[in-house]
Structure formats: structure tokens, C-alpha cells
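Okay, structure coming up:
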């Protein structure tokens with residue numbers, strides 16, 4: 047039976063282990079089932095993104111996603127995107143902050159840093175939105191949304207929430 051929550055209602059917290067989060071982020075970065083690598087093109091530059099080799103590290107209030115990439119000029123490398131999230135000591139709702147310039151080889155970061163940050167951020171939003179949707183629906187039958195995301199260093203924690211009355215307008 048699917049849980050039905052009233053407007054603004056909060057469901058039981060969901061948790062994702064680091065290995066499960068890594069698996070889900072890899073799939074979200076690939077944007078297609080079974081895709082192990084994709085090629086991004088920006089102007090006359092290309093970069094191979096090895097989505098099946100993305101890595102995840104969790105810390106209290108932190109998540110780092112390492113994206114394995116490769117170009118003709120650099121060979122294999124990793125671009126790491128650190129994200130600040132809520133923690134057990136500091137609730138942050140759905141606020142997730144990332145730098146505009148991730149860590150990695152300067153040549154790659156200069157050309158591709160913002161793109162990688164955006165892709166990681168989008169993938170994380172896709173993962174937590176899909177996870178929250180599994181927890182139930184709101185009074186209008188629409189899937190629950192993530193109301194808060196945090197890390198205790200061991201797991202990513204997601205608080206599913208029903209839309210508030212102001213957000214319940216028909217689409």
C-alpha cells in the first residue's frame with residue numbers, strides 16, 4: 047500500500063549507503079541504462095566521461111563525487127566535485143552547495159569544470175527525487191519530493207515530503 051500524505055506532510059527518512067548511492071549516481075550521470083561512458087562535446091573540445099567509474103565519498107555534511115574522464119590531451123583523469131549538505135548537527139533542508147570550480151587537472155577544470163559540477167548536481171537531484179518518490183504520494187496522488195538531504199558520513203539521508211498547499215496547483 048502506498049503512503050498518502052497530507053499537504054506538507056513528512057514521510058519516514060530514507061537512507062542510501064555509499065555503494066548504493068554510487069550505483070544510482072552512475073546511472074543518473076549516464077542518463078541511459080547500460081551506458082558505461084559518454085562523450086561530451088563543447089565547441090571543438092571533446093571529453094569522454096566514464097560514468098560507470100564514478101566514485102562517491104561521504105562525510106558528515108559532505109558528499110564528494112569523483113568523475114573519471116579522459117581526453118586525447120590528458121589521458122585518464124578524475125574531476126572531483128565536493129558538495130556541502132545538511133548533517134545531523136546542522137539541518138539544511140534541500141540546500142546543497144557546490145563550487146563552480148571542482149578539483150582536478152587545471153586544463154580539464156578550466157574547460158569542463160562547470161559542466162561536470164552541473165552534471166553531478168543534476169544527477170544528485172535526480173537520485174534524491176526518485177528516492178523520495180518511492181516513499182509515497184501526496185493528497186493529489188503526486189509523488190513525494192525530497193524535503194531535506196543530509197549525510198552523517200555513512201549514509202545519505204533523504205526526507206520525503208508532500209507538496210505544501212501553495213505548490214498543489216494543477217500542472
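Residue numbers (this note's numbering): 47 to 217. Where is the CB? At the ideal position from N, CA and C, for every residue including glycine.
C-beta contact flag for residue i and residue j at 9 Å
{"i": "residue 169", "j": "residue 71", "result": "yes"}
{"i": "residue 157", "j": "residue 91", "result": "yes"}
{"i": "residue 109", "j": "residue 122", "result": "no"}
{"i": "residue 161", "j": "residue 144", "result": "no"}
{"i": "residue 176", "j": "residue 55", "result": "no"}
{"i": "residue 183", "j": "residue 51", "result": "yes"}
Residues near residue i by beta carbon distance below 6 Å, same chain, minus five either side
{"i": "residue 149", "result": "126"}
{"i": "residue 117", "result": "93"}
Sequence-distant residues of its chain with Cβ nearer than 8 Å to residue i (five each side left out)
{"i": "residue 153", "result": "119 and 120"}
{"i": "residue 173", "result": "62, 67, 70, 71 and 74"}
{"i": "residue 159", "result": "125, 146, 147, 148 and 150"}
{"i": "residue 211", "result": "53 and 54"}
Proximity to residue i [Cα-Cα], best of the options
{"i": "residue 78", "options": "97, 88, 65 and 63", "result": "97"}
{"i": "residue 199", "options": "65, 188 and 106", "result": "106"}
{"i": "residue 138", "options": "51, 196 and 211", "result": "196"}
{"i": "residue 101", "options": "64, 116, 81 and 117", "result": "64"}
{"i": "residue 60", "options": "171, 202, 212 and 133", "result": "202"}
N-terminal and C-terminal residue of the beta strand (DSSP E) that residue i is part of
{"i": "residue 94", "result": "91-105"}
{"i": "residue 141", "result": "Run containing residue 141: none; DSSP gives neither H nor E here."}
{"i": "residue 115", "result": "108-117"}
{"i": "residue 121", "result": "121-130"}
{"i": "residue 202", "result": "201-207"}
{"i": "residue 192", "result": "191-197"}
{"i": "residue 88", "result": "84-88"}
{"i": "residue 61", "result": "60-63"}
7 Å CB neighbourhood of residue i in its chain, flanking five on each side removed
{"i": "residue 103", "result": "110"}
{"i": "residue 151", "result": "120 and 123"}
{"i": "residue 165", "result": "75"}
Cβ-Cβ separation, residue j to residue i (assumed contact under 8 Å), whole Å
{"i": "residue 181", "j": "residue 49", "result": "6 Å"}
{"i": "residue 192", "j": "residue 136", "result": "Not confirmed; about 17 Å, so no contact."}
{"i": "residue 185", "j": "residue 204", "result": "No, residue 185 and residue 204 are not in contact; Cβ-Cβ is about 21 Å, not under 8 Å."}
{"i": "residue 190", "j": "residue 57", "result": "6 Å"}
{"i": "residue 87", "j": "residue 115", "result": "Between residue 115 and residue 87 the Cβ distance is about 13 Å, and since that is not below 8 Å, they are no contact."}
Residue interval of the alpha helix (DSSP H) (run including residue i)
{"i": "residue 170", "result": "152-179"}
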